[in-house]
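Numbering (our numbering), first residue to last: 48 to 221.
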Amino acid sequence: MTLHSYNIPPRSRHCCNGDAEFEQGMEYYSMLEEGEGGEFLRKDYCLPCWKKVLTGGKENVSQKIFWKSHVPVKKRGPDLSLRRDERAFQLLKEIYQKDTEEDIVQAFVLTLLLARNRMLQLRQEITQDDGQPILLYEVADTEEMLCIRKVNLSNIATDKVRQALAEKLHGNHE
48 MTLHSYNIPP RSRHCCNGDA EFEQGMEYYS MLEEGEGGEF LRKDYCLPCW KKVLTGGKEN
108 VSQKIFWKSH VPVKKRGPDL SLRRDERAFQ LLKEIYQKDT EEDIVQAFVL TLLLARNRML
168 QLRQEITQDD GQPILLYEVA DTEEMLCIRK VNLSNIATDK VRQALAEKLH GNHE
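Structure representation (C-alpha cells):
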C-alpha cells in the first residue's frame, strides 16, 4: 500500500480577492481547487470576501474542499510542557515520509495524539479513487497541511504500536 502525498500550499498572507492582510486571531476561509496538473491550488478569503463568494455564484462551493480557520496568535516564551508534543510532531514528520504499513499506522496514531493536544486540526476527509480515506490536517502553528491515511484502529495491535512509538520518542529525546 502506498501513502499518497498531496502538496497543499500554506495560507497566504492576504485575502485572494482583496488587499486585506491576515492578522493574528483573524478568521478566514480556505478553499482548495484541483489545478490542471492535478496539484491543489489554495485560495484564502477574509470573511467579507467569503460572503461574496457564497452569494456571488462564481465559485461552486459545494463542489470544493473548504474550511474555516483563524490565524494563530503567536505565543510568548517557551512552554516546557510542549516538549513531548514537539518530539511527537518531529517523529510524525519523519514517519510521514515513509511508506511501510507500520509507519502508516504509527503516523495515524501520532496524528490522533497531536490533534487531541490541538497541535493539528482536522480540516477534511478525502476519499481517493481507490476508496481509501485520507484525512487532511492543518498544523496549528504553521498552517502546513498534512495528508494522513485513515487507519481502522480495531485492526491494529495497539500495544505493539504504543511500544514502538514510545521507543522512537525516547530515542529522539536523548
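C-beta atoms are modelled at their ideal positions from N, C-alpha and C, and glycine is treated no differently.
In this text, all values refer to a predicted model and were calculated from it rather than measured experimentally.
Asked, Found
"Closest by CA to Leu79, which one among Leu139, Asp91, Glu68, Gln71?", "Asp91"
"Where does Thr205 fall in DSSP's three states?", "helix"
"Using the three-state DSSP reduction, which class does Val100 fall into: helix, strand or coil?", "helix"
"Look at the alpha carbon of Tyr76 and the alpha carbon of Leu212, and state the distance between them as a whole number of angstroms.", "35 Å"
"Suppose you measure from the CA of Arg60 to the CA of Ala67; what does that come to, to the nearest Å?", "9 Å"
"In whole angstroms, what separates the C-alpha of Thr189 from that of Val118?", "9 Å"
"Quick one: which unbroken beta strand (DSSP E) runs of 3-plus residues sit fully inside the segment 128-174? Chain order, please.", "167-174"
"Val120: buried (16+ other C-beta within 10 angstroms of its C-beta) or exposed?", "exposed"
"If I follow the unbroken beta strand (DSSP E) through His117, where does it start and stop?", "112-117"
"Under DSSP, the beta strand (DSSP E) around Asp91 begins and ends at which residues?", "87-93"
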